[in-house]
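Below: the structure, in C-alpha cells.
Numbering (the numbering used here), first residue to last: 134 to 422.
As C-alpha cells, then:
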C-alpha cells in the first residue's frame, strides 16, 4: 500500500493568505523513491464536448495564473508507516475567486507526487476555494417595461443590480389590469460563456425561481418578490476563456405559449461589508418590502 494525502488547515482562503498544511505519505512496506514534491497551481480551464452523430470530440483549454512548487526530498527510501512534510504557500494577491460551472472552471489545486521507478507514481490532488471579498460597486435600481400601443402593460424593476451572495435579489413588478395571465414567474439566472480551441459554449440555467398565481397578483399595483441567494452560487466575472453573467428574468405566464419576458442584468459576488457611510447612501431610496 502506497498512498499520498494532503491536509490543510482549512478549505477556504482569500488572496494574499497563506495555505498551510502537511503532505502525508503512507505505506505498509518500505520503497525507494526518486523525488517527493507538492505543486500549488491556479488558473482557468474549459472542457467542451461537441457531438456529431454517434461520436463526440472533447476540446480542452487552460490559462495558468501561477505555479509554485516545493521539493521535499531527492531519491531515498520511504520507511513503513506515515511520514509528514509540512508546507506553506501564499495565494497571489491578484487572482479571482474560484468558480465551478458547466464547461468552465477557475481552480486552485494542490498536487502531491512521490516519483518512483517502474511503477505508477503515488499522487493526490485537492482543490481549495479562493474567495475575493471586494468593495461593492456602485449599485442602482434597474427597470424595464413592455408596452402595447404606447401603454405599459408590464413593468419590472430590481432594487439593486449588484448583490452579495447570501443576500436576496429584491424585485418588483406591475401588471396592467387588462392583461390575461395565469401568473408571474421570476427567475435568477446565470449564463456561462466558455472557449476551448476555438469551440464556444453558452450555457444558461436557473438558480432560483418563484411563481405567483394570478389571484395573488394585484393589478396596476407594484408587487414585491425576493429571490434568495446562497454563497455557493456562481459569481459574475469575466475571465480569459470562461466568464459568467447573471440576470433576473420576469415572465408573464400567458396561455397558448404567448409568454412575454423582461430580462434585467445584475452582478453577483462576494462583497465586503460596506462602511457606515456607504450603507447610508445605499439605504437611501430603498423600497419597503
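Glycine included, C-beta positions come from ideal geometry on N, C-alpha and C.
Return the CA-CA distance between residue i and residue j, expressed in angstroms with no decimal places.
i           : j           : result
residue 383 : residue 275 : 13 Å
residue 390 : residue 317 : 14 Å
residue 183 : residue 285 : 43 Å
residue 135 : residue 255 : 7 Å
residue 222 : residue 353 : 59 Å
residue 177 : residue 197 : 6 Å
residue 337 : residue 311 : 32 Å
residue 170 : residue 207 : 9 Å
residue 211 : residue 194 : 37 Å
residue 224 : residue 203 : 14 Å
residue 405 : residue 269 : 7 Å
residue 388 : residue 186 : 36 Å
residue 413 : residue 152 : In this predicted model, residue 413 has a pLDDT of only 49, less than 50, meaning its place in the structure is not dependable; the value taken from the coordinates is given anyway. Using only the alpha carbons, I get a separation of about 36 Å.
residue 303 : residue 292 : 6 Å
residue 150 : residue 227 : 12 Å
residue 473 : residue 325 : Because the chain spans 134 through 422 in this model, residue 473 falls outside it and cannot be assessed.
residue 137 : residue 386 : 55 Å
residue 165 : residue 139 : 21 Å
residue 213 : residue 168 : 17 Å
residue 290 : residue 277 : 7 Å
residue 162 : residue 379 : 53 Å
residue 230 : residue 283 : 45 Å
residue 332 : residue 250 : 39 Å
residue 309 : residue 396 : 18 Å
residue 327 : residue 370 : 12 Å
residue 339 : residue 209 : 54 Å
residue 334 : residue 403 : 25 Å
residue 401 : residue 329 : 25 Å
residue 143 : residue 358 : 37 Å
residue 392 : residue 234 : 29 Å
residue 188 : residue 313 : 47 Å
residue 201 : residue 172 : 6 Å
residue 248 : residue 232 : 31 Å
residue 355 : residue 394 : 17 Å
residue 362 : residue 351 : 26 Å
Could you tell me the boundaries of the beta strand (DSSP E) in which residue i lies?
i           : result
residue 354 : Element bounds for residue 354: n/a, residue is neither H nor E.
residue 336 : 332-346
residue 230 : First-last for residue 230: undefined, no H or E at that position.
residue 92  : In the structure as shown, the chain begins at 134 and stops at 422. Residue 92 is therefore absent and cannot be evaluated.
residue 325 : 316-329
residue 372 : From DSSP, residue 372 is part of no beta strand (DSSP E); its letter is neither H nor E.
residue 211 : 209-211
residue 396 : 393-402
residue 301 : 301-308
residue 137 : 135-141
residue 219 : 214-223
residue 296 : 295-297
Below 8 Å on the Cβ atoms is my contact criterion, and I expect residue i with residue j to pass it. Report the Cβ-Cβ distance as a whole number of Å.
i           : j           : result
residue 174 : residue 199 : 7 Å
residue 180 : residue 190 : Between residue 190 and residue 180 the Cβ distance is about 11 Å, and since that is not below 8 Å, they are no contact.
residue 288 : residue 306 : 6 Å
residue 315 : residue 349 : Not quite, the Cβ-Cβ distance comes to about 12 Å (not below 8 Å), so this is no contact.
residue 245 : residue 257 : 5 Å
residue 265 : residue 147 : 7 Å
residue 272 : residue 360 : 16 Å between Cβ atoms; not a contact.
Of all the CB atoms in chain B, is at least one closer than 8 Å to the CB of residue i?
i           : result
residue 328 : In summary, chain B is missing from the structure at hand, where a single protein chain is found.
Identify every run of the beta strand (DSSP E) within the segment 234-287, keeping only runs that are complete inside it and at least 3 residues long; order them along the chain. You should have 237-248, 256-263 and 275-281.
Across the segment 357-373 and the segment 314-329, are there enough close Cβ pairs to call them in contact, namely three or more that are closer than 8 Å? Contact holds: three or more Cβ-Cβ distances are below 8 Å.
Spell out a yes or no on whether the segment 156-172 and the segment 210-221 are touching, meaning 3 or more CB-CB pairs, one atom from each, closer than 8 Å. The segment 156-172 vs the segment 210-221: in contact.
Taking three-plus beta-carbon pairs below 8 Å as touching, is the segment 230-243 in contact with the segment 252-272? They touch, by the three-pair rule.
What residue ranges within the segment 150-196 form continuous alpha helix (DSSP H) runs of no fewer than 4 residues, ordered along the chain? Listed in chain order, there is nothing to give.
Would you say the segment 370-384 touches the segment 225-240, given that touching needs at least three Cβ pairs under 8 Å? Contact between the segment 370-384 and the segment 225-240 is present: 3 or more CB-CB pairs across the two stretches fall below 8 Å.
Closer than 8 Å is the cut-off here; do at least three beta carbon pairs connect the segment 289-298 with the segment 334-347? No, they do not touch.
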